[in-house]
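S.K.:
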Amino acid sequence: MRKLTVKVKEGEGREVREIAEKHDGKNLVVDQVEKGEVVTVYLNNKKVSEFIADLRKFEEAEITLVPRGVITMYPPQGDAPDQVTDVTYRSPLEIFLGGLQSVGSKVGLLTYAVAGGMLVWVGFYTNTSYLLVAAMLVSPFAGPAMNAALGAASGKGGLLKQSLLRYFMAIGAAILVTFILSFLIGQQHATPMMVNVSHISQVTILLPLAAGVAGGINLIQSERDSLVSGAAVGMLVAASLAPPTGLIGMALNFGNWQLIRSGAFLLLFQLVVIQFTAALVFRYLGKVTIKGARFADGKESVFRLSMLVSGLIIAGMLYWQFSRQPALQKASLNTQVTEVMRNELKKMKDIETIEASARFTRGTLSNLNPVICELYLYNRNEALSDEQVKEMVRDVLHKRIKAENWNADPMFDITILNYAGKDKE
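Take 1 as the starting number for the sequence shown in the numbering used here and just add one per residue.
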């Protein structure tokens, strides 16, 4: 439920009250004030936009909407539990205007972007994961991304353009900060955490998809219906966008174009997916359309064009990702190579796998895509020496991995472990 107050000319309060009654308004009060009347109305969220739209004939009406939930109780008394549990989505008007209110100043946006960039840089440079989490909390990328989605859903090209501009301002500031810090410190090589972040998964689309849906749902749900805080949702959006900014800035300093390409792919792909999914949530769940009360000047063509462009970009980038192996799939291929090795090792009699892992490098060898395969094995076959076991395992696994056509070049580090108590048994 939302509380609204409507100030109109003297004698018009009764008509406003009748309109509120048609929209199932509760606990209605008409007060006489200086130079007019004030009507206090309590409405279900989904009725707010319709009620305000019906007030259009009162040109001088002054409307105040309190964007917080209220608990209204009215006869019969026994229905109070059912009355307060009627929780609905926010009205399209509140969703749209609330999004605009959250824009904030450019100074604040850039300040938080710089702070987030500094945290990302320290996290990458020191291989400290919790600093990346802190950067996700500070980075101000969720607001512009959600407002871009609101602009698309409502057909407002100006809002969409402004939001995208603010987004790229924040991204640019974070990239610039990480570049400057790497330049000042004289960094010349990627850290292990930078390499890990640059490895893109085949299911990368799921993170921005979840972020877009969660961000949209968080803005359309009433606060009493939301089980997740806005800060947590903002962090989910920033988790998609904050690490790649640091990756690009730091890699620009020492000219590693593989890392730059991975970071740019993640930034663009995840922004487009977030904007696309959130716009659909606003449009079809939040009912934010070009015909909204008090913001009915949107264009349907803007919505359709933005969705078409976003869809084409997503399809194009997915094609780019899956048409080239292993460049933009290394995170998933690490797991798949490890799985293949374990399955093949199970077939080898008297050779037990203690540990197996695979990881792609950042491409330090020309014309090769090295994947480092580390194996710790235990040889129970007394007829084979440790060197013979290594050679056999290496040959079998090399052929098997090559047969998968991953465009991967396996390089093996095989260790045969000895058990000190073996001779005593």
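Glycine included, every Cβ here is placed at the ideal spot set by N, Cα and C.
Skipping 5 residues on each side, what residues in its chain have a beta carbon closer than 8 Å to that of L131?
M.R.: Position 131 of the sequence shown holds residue 131. Taken in chain order, the residues that qualify are L119, V120, V122, G123.
S.K.: Using the rule of at least 16 other Cβ atoms within 10 Å of the residue's Cβ for burial, across every protein chain shown, is R90 buried or exposed?
M.R.: To locate residue 90, count along the sequence shown from 1; it is residue 90. Buried is the call here.
S.K.: Could you tell me which of L100, N405, M250 sits nearest to H189, measuring between CA atoms?
M.R.: Counted from its first residue, the sequence shown places residue 189 at position 189. With distances taken between Cα atoms, H189 lies closest to M250.
S.K.: Rounded to the nearest angstrom, what separates Y376 and V281 at their Cα positions?
M.R.: Indexing the sequence shown from 1 puts residue 376 at position 376. Indexing the sequence shown from 1 puts residue 281 at position 281. Going from the Cα of Y376 to the Cα of V281 covers about 49 Å.
S.K.: Under the DSSP definition of a beta bridge, which residues are partnered with S357?
M.R.: Start at 1 with the first residue of the sequence shown, and residue 357 comes out as number 357. In DSSP, S357 forms a bridge with E374.
S.K.: For the beta strand (DSSP E) that contains T64, what are its first and last residues?
M.R.: As a working mapping, residue 64 is identified with position 64 in the sequence shown. Per DSSP, T64 belongs to the beta strand (DSSP E) from 62-66.
S.K.: Going by DSSP, what residue range makes up the alpha helix (DSSP H) through G36?
M.R.: Within the sequence shown, numbered from 1, the residue matching residue 36 stands at position 36. Where G36 is concerned, there is no enclosing alpha helix (DSSP H), although the beta strand (DSSP E) it sits in stretches over 36-43.
S.K.: Report the partner residues of V30 according to the DSSP bridge assignment.
M.R.: For the purposes of this step, residue 30 is identified with residue 30 of the sequence shown, where counting begins at 1. Paired residue(s): V39.
S.K.: For the segment 23-38 against the segment 2-9, are there 3 or more C-beta pairs whose distance is under 8 Å?
M.R.: The answer is yes - the segment 2-9 touches the segment 23-38, with three or more Cβ pairs under 8 Å.
S.K.: Which residues bound the alpha helix (DSSP H) around L137?
M.R.: In the sequence shown, counting from the first residue as 1, residue 137 sits at position 137. Note, L137: alpha helix (DSSP H), 129-138.
S.K.: On the CB-based measure, 16 or more other CB atoms within 10 Å of its CB, does S366 come out buried or exposed?
M.R.: Against the sequence shown, residue 366 aligns to sequence position 366. Flag for S366 reads exposed.
S.K.: By DSSP, does K7 sit in helix, in strand, or in coil?
M.R.: Locating residue 7 in the sequence shown gives position 7, counting from the first residue. Note: K7 maps to strand in three-state DSSP.
S.K.: Taking V114 and A173 to be in contact with their CB atoms under 8 Å, please state how far apart those CB atoms are, rounded to whole angstroms.
M.R.: For this step, residue 114 is matched to residue 114 along the sequence shown. For this step, residue 173 is matched to residue 173 along the sequence shown. With 8 Å as the limit, V114 and A173 qualify as a contact, their Cβ atoms being about 6 Å apart.
S.K.: On a CA-only basis, which of A53, E10, G98, I217 is nearest K22? Give me that one, please.
M.R.: Position 22 of the sequence shown, counting from 1, holds the residue named residue 22. K22 has its Cα closest to that of A53, out of A53, E10, G98, I217.
S.K.: Contact defined as beta carbons within less than 8 Å: I believe V288 pairs with A153. What is the distance between those atoms, to the nearest angstrom?
M.R.: The residue you call residue 288 lines up with position 288 of the sequence shown. The residue you call residue 153 lines up with position 153 of the sequence shown. At roughly 5 Å, the Cβ-Cβ gap stays under 8 Å, so V288 and A153 are in contact.
S.K.: Less than 8 Å between C-beta atoms, sequence neighbours within five positions excluded: which residues of the same chain meet that for G98?
M.R.: As a working note, residue 98 is residue 98 in the sequence shown. Correct list, in chain order: P67, R90, L219.
S.K.: Suppose you measure from the CA of E391 to the CA of L417; what does that come to, to the nearest Å?
M.R.: Within the sequence shown, numbered from 1, the residue matching residue 391 stands at position 391. Within the sequence shown, numbered from 1, the residue matching residue 417 stands at position 417. Each residue's Cα considered, the two are about 15 Å apart.
S.K.: Are the segment 185-201 and the segment 137-151 touching, with three or more C-beta to C-beta distances below 8 Å?
M.R.: Taking 8 Å as the limit for Cβ pairs, the verdict is that the segment 137-151 does not touch the segment 185-201.
S.K.: Quick check: what's the CA-CA separation for E15 versus D297?
M.R.: Within the sequence shown, residue 15 is the residue found at index 15, counting from 1. Within the sequence shown, residue 297 is the residue found at index 297, counting from 1. Cα to Cα, E15 sits roughly 27 Å from D297.
S.K.: Thinking T111 and N45 are a contact (beta carbons under 8 Å), I'd like their distance in whole angstroms, please.
M.R.: Numbered from its first residue, the sequence shown carries residue 111 at position 111. Numbered from its first residue, the sequence shown carries residue 45 at position 45. Incorrect: roughly 34 Å between the Cβ atoms, too far for contact.
S.K.: Which residue's Cα is closest to the Cα of T245: Q202, F179, R2?
M.R.: The sequence position of residue 245 within the sequence shown is 245, counting from 1. Closest by alpha carbon: F179.
S.K.: Ordered along the chain, which non-local residues of its own chain (more than five positions away) have a Cβ less than 8 Å from that of D413?
M.R.: Residue 413 sits at position 413 when you count from the first residue of the sequence shown. Contacts found: I372, C373, E374, L375.
S.K.: Have a look at the DSSP bridge pairing and note the partners of T415.
M.R.: By 1-based counting over the sequence shown, the position of residue 415 is 415. Answer by DSSP bridge pairing, in chain order: Y376.
S.K.: Is the distance from the Cβ of Q187 to the Cβ of N127 below 9 Å?
M.R.: For the purposes of this step, residue 187 is identified with residue 187 of the sequence shown, where counting begins at 1. For the purposes of this step, residue 127 is identified with residue 127 of the sequence shown, where counting begins at 1. It is not a contact, given that the beta carbons lie outside the stated cut-off.
S.K.: Less than 7 Å between C-beta atoms, sequence neighbours within five positions excluded: which residues of the same chain meet that for S357?
M.R.: Within the sequence shown, the letter at position 357 stands for residue 357. Excluding positions up to five away in sequence, the list reads T338, E374.
S.K.: Verify whether the separation of the beta carbon atoms of S163 and L150 is less than 9 Å.
M.R.: Taking the first residue of the sequence shown as position 1, residue 163 is located at position 163. Taking the first residue of the sequence shown as position 1, residue 150 is located at position 150. Yes, Cβ-Cβ distance for S163 and L150 is below 9 Å.
S.K.: For F322, count the other beta carbons within 10 Å of its own beta carbon; 16 or more makes it buried, fewer makes it exposed. Which is it?
M.R.: Locating residue 322 in the sequence shown gives position 322, counting from the first residue. F322 comes out exposed.
S.K.: Buried or exposed for N256, going by 16 or more other Cβ atoms inside 10 Å?
M.R.: Indexing the sequence shown from 1 puts residue 256 at position 256. Classification of N256: buried, given that the 10 Å Cβ count is 16 or more.
S.K.: Measure the CB-CB distance between K349 and N381 and report whether it falls below 9 Å.
M.R.: Numbered from 1 along the sequence shown, position 349 holds the residue referred to as residue 349. Numbered from 1 along the sequence shown, position 381 holds the residue referred to as residue 381. A contact, by the Cβ cut-off of 9 Å.
S.K.: Exposed or buried, A331, counting other C-beta atoms within 10 Å across all chains shown (16 or more means buried)?
M.R.: If you number the sequence shown from 1, residue 331 lands on position 331. A331 should be labelled buried.
S.K.: Would L377 count as contacting chain D if we go by Cβ distances under 9 Å?
M.R.: The chain inventory of the structure shown lacks chain D, comprising one protein chain alone.
S.K.: How long is the line joining the alpha carbons of F51 and L43, rounded to whole angstroms?
M.R.: Against the sequence shown, residue 51 aligns to sequence position 51. Against the sequence shown, residue 43 aligns to sequence position 43. The straight-line gap from Cα to Cα measures roughly 9 Å.
S.K.: On the premise that P144 lies in contact with A170, defined as a C-beta separation below 8 Å, what is that separation, rounded to the nearest angstrom?
M.R.: Working through the sequence shown from its first residue, we reach residue 170 at position 170. Working through the sequence shown from its first residue, we reach residue 144 at position 144. Correct: roughly 7 Å between the Cβ atoms.
S.K.: Kindly provide the ranges of any alpha helix (DSSP H) runs that are 4 or more residues long and lie completely inside the segment 138-200, ordered along the chain.
M.R.: Runs of the alpha helix (DSSP H) inside the segment 138-200: 142-153, 157-185, 192-198.
S.K.: Nearest-angstrom Cα distance between S240 and S262?
M.R.: Position 240 of the sequence shown, counting from 1, holds the residue named residue 240. Position 262 of the sequence shown, counting from 1, holds the residue named residue 262. The alpha-carbon atoms of S240 and S262 are separated by roughly 13 Å.
S.K.: Helix, strand or coil: how does DSSP classify I351 here?
M.R.: As a working mapping, residue 351 is identified with position 351 in the sequence shown. Three-state DSSP puts I351 in a strand.
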